[in-house]
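So for the sequence shown, this note's numbering puts the first residue at 325; every next one is plus one. Glycine is no exception: its CB is placed at the ideal position from the N, C-alpha and C atoms. This report refers to the structure that appears directly beneath it.
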Amino acid sequence: MSAGPHDESTLTGRFLTVLTEAERAADRPALDPVRQTIGTGAARLGTRMGVAVVGRVSQGKSTLVNALIGERLTPTGALELSYSINRVRYGDAPSLTVHHRDGTSFPADLDELERYAARATDNQELLAAIDHLEVVCPSRHLTGFDLIDTAGLCSVRDGDSRRTLDFLSRSRENVHAETAAASTQADGLIVVMSRRGMAETDTEMLDAFLGPDAVTRSPVTAVGVITKVEELWPKSPDPMATARELIARLTARPAIRRLMFEVTPVCGLLAETATRLSVEDLKDLRALARVPPERLRADLLTAQVFSRADRDLPLTPGRRAALYERFSGYGLLTATGLVREGADTSSTLRAGLEDASGINALRGTVNHHFAHRSETIKIRMVAGMVIASVRRLRHSLTGEDRFAADAVERLLTGFLTHEPALRELDLLHQIATGQLALTADDQEQLLALVGARGRAVHARLGLPPATPLDEARRRALELAERWLPRTALGFPGGNRATARIVHDRCQNLIAHIDAARRHLEDPR
Ligand SMILES: Nc1nc2c(ncn2[C@@H]2O[C@H](COP(=O)(O)OP(=O)(O)OP(=O)(O)O)[C@@H](O)[C@H]2O)c(=O)[nH]1
Ligand SMILES: [Mg+2]
Numbered sequence: 325m326s327a328g329p330h331d332e333s334t335l336t337g338r339f340l341t342v343l344t345e346a347e348r349a350a351d352r353p354a355l356d357p358v359r360q361t362i363g364t365g366a367a368r369l370g371t372r373m374g375v376a377v378v379g380r381v382s383q384g385k386s387t388l389v390n391a392l393i394g395e396r397l398t399p400t401g402a403l404e405l406s407y408s409i410n411r412v413r414y415g416d417a418p419s420l421t422v423h424h425r426d427g428t429s430f431p432a433d434l435d436e437l438e439r440y441a442a443r444a445t446d447n448q449e450l451l452a453a454i455d456h457l458e459v460v461c462p463s464r465h466l467t468g469f470d471l472i473d474t475a476g477l478c479s480v481r482d483g484d485s486r487r488t489l490d491f492l493s494r495s496r497e498n499v500h501a502e503t504a505a506a507s508t509q510a511d512g513l514i515v516v517m518s519r520r521g522m523a524e525t526d527t528e529m530l531d532a533f534l535g536p537d538a539v540t541r542s543p544v545t546a547v548g549v550i551t552k553v554e555e556l557w558p559k560s561p562d563p564m565a566t567a568r569e570l571i572a573r574l575t576a577r578p579a580i581r582r583l584m585f586e587v588t589p590v591c592g593l594l595a596e597t598a599t600r601l602s603v604e605d606l607k608d609l610r611a612l613a614r615v616p617p618e619r620l621r622a623d624l625l626t627a628q629v630f631s632r633a634d635r636d637l638p639l640t641p642g643r644r645a646a647l648y649e650r651f652s653g654y655g656l657l658t659a660t661g662l663v664r665e666g667a668d669t670s671s672t673l674r675a676g677l678e679d680a681s682g683i684n685a686l687r688g689t690v691n692h693h694f695a696h697r698s699e700t701i702k703i704r705m706v707a708g709m710v711i712a713s714v715r716r717l718r719h720s721l722t723g724e725d726r727f728a729a730d731a732v733e734r735l736l737t738g739f740l741t742h743e744p745a746l747r748e749l750d751l752l753h754q755i756a757t758g759q760l761a762l763t764a765d766d767q768e769q770l771l772a773l774v775g776a777r778g779r780a781v782h783a784r785l786g787l788p789p790a791t792p793l794d795e796a797r798r799r800a801l802e803l804a805e806r807w808l809p810r811t812a813l814g815f816p817g818g819n820r821a822t823a824r825i826v827h828d829r830c831q832n833l834i835a836h837i838d839a840a841r842r843h844l845e846d847p848r
């Protein structure tokens, strides 16, 4: 890595300075693996945030990736399908690059993505030679992070699962692969689950997937998704609400809380369908919207009934069956409802379906969680990797080597405990893993202040966006005064260090509000 000097005004710059010092401290043959990890980690800081979509086979991962991007890019299907790992990143000119296992790569036609990504009878040899695919796509939803569609996981021993594990370099067998191609690793995970939640085997699988090093494993780098939520309909008249209740029960389980920060319900297929509505779709939905809602609802209960020739419905039975397959019964009910409420262009209907399907909420969570936090998440992960590499070696070291290893660890833990942004991230980790038993009010206030409800000043203060600055300042001062005595005395469920982090943030918000007022009064 470069010895610097690094830009001390940025968090990454300060971290690079610490990494340089750590590299110097580790300049002994016995600490070669630590120096290697430092080099890999430093390179990783400069790469874009990569968020991998993982889960069991056929869970709807590729469908969700398309829905998140807002385009149908990566192949989906009823059979176990995705084979190659597919990294989609933002760029003006769409393209596809095939990266081979032997390190070579070549540009391919994006229309042929399916040939390189999906298992078929005639492409086995081709697929066996592929390491991963790189797709460039001009979707505005990709500006904050790259999305990685992975092959489904079955069991850790399964061949394809191992490919996914290798790619993310986190399996038990691959702890040392952290030093491998850093730019192709994921910094965050979207874990796709069925609505039954995670079976024990899923939890085990994810544990193996996330790796044995507790320092790099944190619910702050994983969000969960329950997809195929519309399948709860018609048993539940409001499947999204029912899914939220299921999620509340699921996230109360420590085994889940330990692994992921938040779980969001999504109708992935409906969201993907919304990305490609044709003029004909709109016309046919309008025709269906003219059927009295109660009768339509009864006919939509099953695909068979809806596609029967003897139903008194518009459109041909074949066309109805095709729509049912793409939208599902619940999706058609929702879409016709939106049309009746005035969604009369494909863009308004698309926006309505993106809201109703939960994909917008998921985009918000992922952006909020990963894109806005990418710098701190990356630094935390790299620091964790280096600390883990020191701890792996330490027991085999003696004398000066052991002193040097300890010095490296101290440098990194010192950085993690002194930088406010990293202390806040750690606080989030502690809350997510249930290490702090705070009162509900304190917890909510604390989460908001450290940015879990939005990064903006008003969101941190728990105020509506248009709140005047004077009022925001009053609120910040009130909160600072509330948390100040706690920095000396502690508080129920939390300690003084926690209170200090929160109080520091209140003061930082006051400083920002004052600076904003100065700029408004004198915008030179
Ligand atoms: N009803 C319903 N079906 C869905 C949904 N999402 C995906 N599917 C269907 O589930 C099947 C698998 O979807 P994929 O997106 O290919 O799943 P995957 O997890 O990428 O599968 P692999 O890559 O093979 O592991 C396809 O038939 C999809 O149409 C959903 O939200 N609702
Ligand atoms: Mg797939």
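(request) Please specify which runs of the alpha helix (DSSP H), each continuous and at least 4 residues long, are wholly inside the region 771-812, giving them in chain order. (result) 781-785
(request) Identify whether residue 430 lies in helix, strand or coil by the three-state DSSP scheme. (result) strand
(message) Taking the alpha-carbon of residue 378 as reference, which of 369, 388 and 370 has the nearest alpha-carbon?
(response) 388
(request) Return the residue from the list 767, 689, 351 and 565 that minimises the CA-CA distance to residue 807. (result) 767
(message) In whole angstroms, give me the CA-to-CA distance for residue 628 and residue 645.
(response) 8 angstroms
(message) Looking at residue 826: is its Cβ nearer than 8 angstroms to the Cβ of residue 770?
(response) yes
(message) Please tell me whether, using a cut-off of 7 angstroms, the distance from the CB of residue 551 to the nearest non-hydrogen atom of ligand 2 is below it.
(response) no
(request) Hey, could you find the ends of the alpha helix (DSSP H) residue 564 is sitting in? (result) 563-575
(request) Grab the span of the alpha helix (DSSP H) containing residue 705 for me, first residue to last. (result) 698-718
(request) Identify which residue in 569, 674, 583 and 739 has its Cα closest to the Cα of residue 605. (result) 674
(message) With H, G and I counted as helix, E and B as strand and the rest as coil, what does DSSP make of residue 458?
(response) strand
(request) Spatial neighbours of residue 539 within its chain, please: CB distance less than 7 angstroms, with the 5 preceding and 5 following residues excluded, ordered by chain position. (result) Its pLDDT being 44, under 50, residue 539 is placed unreliably by the model, and the measurement read from it follows with that caveat. Closer than 7 angstroms at the Cβ level, and outside the excluded window around residue 539, lie 708, 711 and 712.
(message) I'd like to check one pair, residue 469 with residue 584: are the Cβ atoms closer than 8 angstroms?
(response) no
(message) Using a Cβ-based criterion (distance less than 7 angstroms to any ligand heavy atom), does residue 408 qualify as near ligand 2?
(response) no
(request) Whole angstroms is fine: what's the gap from residue 779's alpha carbon to residue 693's? (result) 10 angstroms
(request) Using the Cα positions of residue 823 and residue 794, report the straight-line distance between them to the nearest angstrom. (result) 25 angstroms
(request) Starting from residue 419, trace the beta strand (DSSP E) both ways and give me its first and last residue. (result) 419-424
(message) I need the straight-line Cα distance from residue 496 to residue 363, nearest angstrom please.
(response) Because residue 496 carries a pLDDT of 34, less than 50, the predicted location of this residue cannot be relied on, and the following value inherits that uncertainty. Spanning the two alpha carbons is a distance of roughly 22 angstroms.
(message) Could you check if residue 518 belongs to the surroundings of ligand 2, using beta carbon to heavy atom distance under 7 angstroms?
(response) no
(request) Please work out which residues of its chain come closer than 8 angstroms, Cβ to Cβ, to residue 398, disregarding the five sequence neighbours upstream and downstream, and give them in chain order. (result) 386, 389, 390, 406, 410, 412, 437, 441, 459 and 473
(request) For residue 625, name the three-state secondary structure that DSSP assigns. (result) coil
(request) Specify the secondary structure class of residue 751 as computed by DSSP and reduced to three states. (result) helix
(message) So, for residue 650: in the same chain, excluding its five sequence neighbours on each side, which residues have a beta-carbon less than 7 angstroms away from its beta-carbon?
(response) 597
(message) What does the alpha-carbon distance come out to for the pair residue 545 and residue 512?
(response) 5 angstroms
(message) Under 7 angstroms: does the beta carbon of residue 591 sit that close to some heavy atom of ligand 1?
(response) yes
(message) Rounded to the nearest angstrom, what separates residue 331 and residue 341 at their Cα positions?
(response) 9 angstroms
(request) Give the secondary structure of residue 589 by DSSP, where H, G and I count as helix, E and B as strand, and everything else as coil. (result) strand
(request) Mind checking who residue 470 pairs with in its DSSP beta bridge? (result) 374
(request) Pick out the complete alpha helix (DSSP H) segments inside the region 634-706, 4 residues or longer, and give them in chain order. (result) 641-664, 670-680 and 683-690
(message) Alpha carbons only, please: which of 847, 656 and 805 is nearest the one belonging to residue 828?
(response) 805
(request) Reducing DSSP to helix, strand and coil, say where residue 513 ends up. (result) strand
(message) Measuring only the C-alpha atoms, how far is residue 776 from residue 744?
(response) 15 angstroms
(message) At a cut-off of 7 angstroms, would you count residue 599 as near ligand 1, judging by its Cβ distance to the nearest heavy atom?
(response) no
(message) Would residue 660 and residue 609 qualify as a contact pair, given that the criterion is a beta-carbon distance under 8 angstroms?
(response) yes
(message) Here's the rule I'm using: 16 or more other beta-carbon atoms within 10 Å means buried, otherwise exposed. How should residue 723 be labelled?
(response) exposed
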